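Enquirer:
Written as structure tokens, this is what we have:
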């Protein structure tokens, strides 16, 4: 299980995520989010990192602006968290992570057909497309995903992810990875200690999975 630690606003937090073993870190470029970071500030952070992959999160943003920010910051991935269709995606100049808000109308086959490297399942509302910190119907969603193997292999799970439930997520979905933000914060800011503790929990799940596969 890989980990994407999102909502980074400081170099200290981004470095802690990288050093703790995160595969991705995320910058929020949606201005309405309290985790918003200016592209110039994200670029300064990104230049100080070594191997962690950087993701820029956008919500129904102009295509030209997405591509410009991706180039200026040096993003490895663009995460689309709004209503972006396939025609929109085909104009994005970076590999895509496409977010879907899980509901009973979620169509796993449609998600699998979207031209994205990874598909992220999240909770959300009309006013807040993600970052709610609330989990969705995991077992129901897992049943939908299990029927589409090509989706399962590229799946990221978000929404209420925390160190005390990553083992449950692994058992329920066996996903490619998890996406976490709110549970890493104290008073709205990323906590170095919580980042380190979360990544230890992920490492423990991965070790348990390897031991299970070997037995």
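Numbering (our numbering), first residue to last: 6 to 220.
Note that CB positions come from ideal geometry on N, CA and C, so glycine has one too.
This one's a predicted model, so the numbers in the text were calculated from it and none came from an experiment.
Consult DSSP for residue 37 and reduce its assignment to one of helix, strand or coil.
Expert: The answer is coil: DSSP assigns residue 37 none of H, G, I, E or B.
Enquirer: Write down the C-beta distance between residue 171 and residue 153 rounded to the nearest angstrom, noting that I regard them as a contact closer than 8 Å.
Expert: With a Cβ gap of about 23 Å, residue 171 and residue 153 do not count as contacting.
Enquirer: Quick one, which of 167, 218, 95, 73 has its alpha-carbon nearest residue 11's?
Expert: The shortest Cα separation from residue 11 among 167, 218, 95, 73 belongs to 167.
Enquirer: When the Cα atoms are used, what is the spatial distance from residue 122 to residue 38?
Expert: Residue 122 and residue 38: Cα-Cα distance of roughly 24 Å.
Enquirer: Helix, strand or coil, according to DSSP, for residue 64 in the structure here?
Expert: Coil at residue 64, not helix or strand.
Enquirer: Go to residue 124, then tell me how far its beta strand (DSSP E) extends in each direction, as first and last residue.
Expert: First-last of the beta strand (DSSP E) with residue 124: 123–127.
Enquirer: Count the other CB atoms within 10 Å of the CB of residue 103; is the residue buried (16 or more) or exposed (fewer)?
Expert: It counts as buried.
Enquirer: Would you list the one or two residues that DSSP bridges to residue 182?
Expert: Answer is 7, 161.
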